[in-house]
Structures are given as C-alpha cells and as structure tokens.
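These notes concern the structure reproduced below.
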Amino acid sequence: MTRLVVLSGYGLSVLVFLAVWMFSRRPASNLPKLSNVWRRILANRTTRVALVIVWWWLGYHFLVHVIPVPHVNVPLVR
Amino acid sequence: MLIFAAGTVVLIISELTPKGTELWTVSPHIVYGVAAALFVVLSVAPRHTFLPAGVFTVLAPVVLLTGWLMIPEQVDLDGEAGPARALTVRSLLVWSIPLAMLLGFEYVAILASNVTRDGVSWPTISSMLDPLFNAQPGQTLCVLIWVFSGILLFAPRSPSRGTSQGIHR
C-alpha cells in the first residue's frame, strides 16, 4: 500500500509537469515556455553552476556510485 | 556527502563574489565532440568501475569551470509572445511545482526507507532505475539521456529577443 502511494506520488509529479508544459504551449497562455525558463536559469551564474553540479552528480550517481538499497524485512518462508 | 558539501561551498562562493566573470562562448563543435566521446566511453565501460570513476573525476573541474566562465545565452525576459508571457517569479514558481513534488516524494522515500529498512515499501527513484541500468540497453539509454541534457546545458543556442536583466515582479 505504501509503495503504491509513493509510486502514485512520482506519477502525479510527472502528470503535473505535463499539465504545466501543455498549458504553457497554448497560444493564449500567460505562462512562459519551458525553453525560456531554462534560458533564464542558465543566465544566472549561481543557478547555472548549480545545474552543472546536479547534472554531473546525476551521471556520477547512476554510473559510478553504488546505489545503496535498504534491505527488505521479508520474513523467511519455508 | 563530500560532493554536496563541496557543491554548496561553490554556490556560496558564486553568490558572494562579483558577477561578470563570463569569458567565453563554448564552441558547439567542442561540446558535441566531448558529448560523443562521453557517450561511447560511458556506454561501453561497466558501471561502478574505475573507468567511469576516472572520467567523472576528470570531468568535475572541467564542467565546473566551464559552467562558471561560459557566456550565457541572452534571455527574453519579456516573453516570446509579449509581456503576457513575461518570466515573473510567479511563473517560475508554477514551473517549479512538479519538481518540488518529485523531490518531496523522493526525500520522504529516502528517509522512510532508511528508518524502516524497507526499500520495497518506500521505493526511491534511484532504487527503481538501478536494475534497469544494469542491462546494457538501459545503461546506454541512461548515458544518452545524461549526455543530451549536458548538451542542453553547454551548447550555445541562438540568442532570443530582448536583453533586459533581472526578473519581473
């Protein structure tokens, strides 16, 4: 049950992103497009460097770092 | 932990030191060349080995320095379709909602899985994707997405309209 709630949370986050993205694509929308938001973030040195660090870490995390998975308390079934 | 601490220190230094250190525009040929080389090496090299570790160790100061010194693209703060689409703080907050939600659920899952020692009931994004990336197609896809997002970060694009600075409020 808990797993379903957490997975639904991840799915909901993706759905909200898609909704915001689709809303910004409408001609009458007053929300800036994602590309413009991206450029705005890159225009500032600190946020740009922060993004570079996050990007580097994501690659390191998935390709170099061994991801620890907390062990599962599953009772032994004989 | 050391990486996060070092990153935080870099960001604090960036905020405290004068701006205007941007010196060069990164050549797209260099970005695409490095991206292609990274894609080949990191797709082929087994994960969690010395080769990708060495690549990321060399890459860290290079991308950090590049990110610090590169000339950013000019931003159209007035919006691509007039003032109605202006990049206000409010509009940036709207865009940050899905990211905040995703990170919130991830944060709760990390904490809960460590406290309860139950990674199945509290799955993190990393623990779900890790088995997928163990297979070669998954690893190639992972590297492809990561390299492509790097191109979006570093490859210069054509400037858009407008040159004003600062966020509209």
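Protein sequence lines correspond, in order, to chains A and B.
According to the numbering used here, the first sequence holds residues 276 to 353 in order.
According to the numbering used here, the second sequence holds residues 99 to 267 in order.
We put the beta carbon where it would ideally sit given N, CA and C, even for glycine.
The structure displayed is predicted, hence computed values, not measured ones.
For residue j and residue i, the rounded distance between their alpha carbons
i, j, result
"N311 (chain A)", "H336 (chain A)", "28 angstroms"
"L162 (chain B)", "R301 (chain A)", "36 angstroms"
"S225 (chain B)", "S219 (chain B)", "12 angstroms"
"M168 (chain B)", "T147 (chain B)", "31 angstroms"
"A207 (chain B)", "A294 (chain A)", "24 angstroms"
"G248 (chain B)", "G131 (chain B)", "12 angstroms"
"F231 (chain B)", "V339 (chain A)", "12 angstroms"
"W244 (chain B)", "V341 (chain A)", "17 angstroms"
"G236 (chain B)", "G286 (chain A)", "20 angstroms"
"L309 (chain A)", "W296 (chain A)", "7 angstroms"
"I328 (chain A)", "M199 (chain B)", "21 angstroms"
"I128 (chain B)", "L157 (chain B)", "14 angstroms"
"S304 (chain A)", "D216 (chain B)", "44 angstroms"
"V213 (chain B)", "P144 (chain B)", "31 angstroms"
"T186 (chain B)", "P150 (chain B)", "40 angstroms"
"R278 (chain A)", "P116 (chain B)", "47 angstroms"
"T222 (chain B)", "G152 (chain B)", "27 angstroms"
"S211 (chain B)", "S288 (chain A)", "20 angstroms"
"S283 (chain A)", "V192 (chain B)", "21 angstroms"
"M276 (chain A)", "W313 (chain A)", "37 angstroms"
"S194 (chain B)", "R323 (chain A)", "16 angstroms"
"W331 (chain A)", "I316 (chain A)", "17 angstroms"
"W166 (chain B)", "A233 (chain B)", "35 angstroms"
"A104 (chain B)", "V160 (chain B)", "15 angstroms"
Below-9 angstroms beta-carbon distance, residue i vs any chain B residue
i, result
"R300 (chain A)", "no"
"N348 (chain A)", "Because the pLDDT of N348 (chain A) is 48, which lies under 50, any placement of that residue in the model is unreliable, and the number read from its coordinates should be weighed accordingly. N348 (chain A) counts as touching chain B."
Cβ-Cβ separation, residue j to residue i (assumed contact under 8 angstroms), whole Å
i, j, result
"L326 (chain A)", "S189 (chain B)", "Not really, about 19 angstroms apart at Cβ, beyond 8 angstroms."
"H125 (chain B)", "V241 (chain B)", "As written in the sequence, residue 125 (chain B) is Ser, which differs from the His given in the question. Incorrect: roughly 22 angstroms between the Cβ atoms, too far for contact."
"E113 (chain B)", "P170 (chain B)", "With 8 angstroms as the limit, E113 (chain B) and P170 (chain B) do not qualify as a contact, their Cβ atoms being about 16 angstroms apart."
"F246 (chain B)", "T164 (chain B)", "F246 (chain B) to T164 (chain B), Cβ: 17 angstroms. No contact."
"L109 (chain B)", "T321 (chain A)", "6 angstroms"
"M196 (chain B)", "F298 (chain A)", "The sequence as given places Pro at residue 196 (chain B); Met does not occur at that position. Wrong, their Cβ atoms sit about 12 angstroms apart, outside the cutoff."
"F102 (chain B)", "G334 (chain A)", "Not a contact, Cβ separation roughly 15 angstroms."
"F137 (chain B)", "V281 (chain A)", "Contact doesn't hold; Cβ gap of about 32 angstroms is too wide."
Within-9 angstroms CB hit, residue i to chain A
i, result
"Q237 (chain B)", "yes"
"F137 (chain B)", "no"
"V218 (chain B)", "yes"
"A134 (chain B)", "no"
"L242 (chain B)", "no"
"L100 (chain B)", "no"
"V156 (chain B)", "no"
"V142 (chain B)", "no"
"A151 (chain B)", "yes"
Residue i - containing alpha helix (DSSP H), residue span
i, result
"L228 (chain B)", "Here residue 228 (chain B) turns out to be Asp, not Leu, going by the sequence shown. Start and end: 223-232."
"E204 (chain B)", "187-214"
"I169 (chain B)", "Segment: none, I169 (chain B) is in no alpha helix (DSSP H) and carries neither H nor E."
"T119 (chain B)", "That residue, T119 (chain B), is in no alpha helix (DSSP H); it is neither H nor E in DSSP."
"T106 (chain B)", "100-114"
"H340 (chain A)", "Taken as a continuous stretch (DSSP letters only), H340 (chain A) belongs to no alpha helix (DSSP H), as it is neither H nor E."
"H127 (chain B)", "126-142"
"S310 (chain A)", "309-318"
"T277 (chain A)", "277-300"
**Study point:** Where the region 115-132 of chain B meets chain A: residues whose CB sits under 8 angstroms from a CB there
**Key:** K117, T119, E120
Review point. What residues from the region 196-217 of chain B come within 7 angstroms of chain A, judged by C-beta to C-beta, listed N to C?
Key: P196, M199, L200, F203, A207, S211, N212, R215, D216, G217
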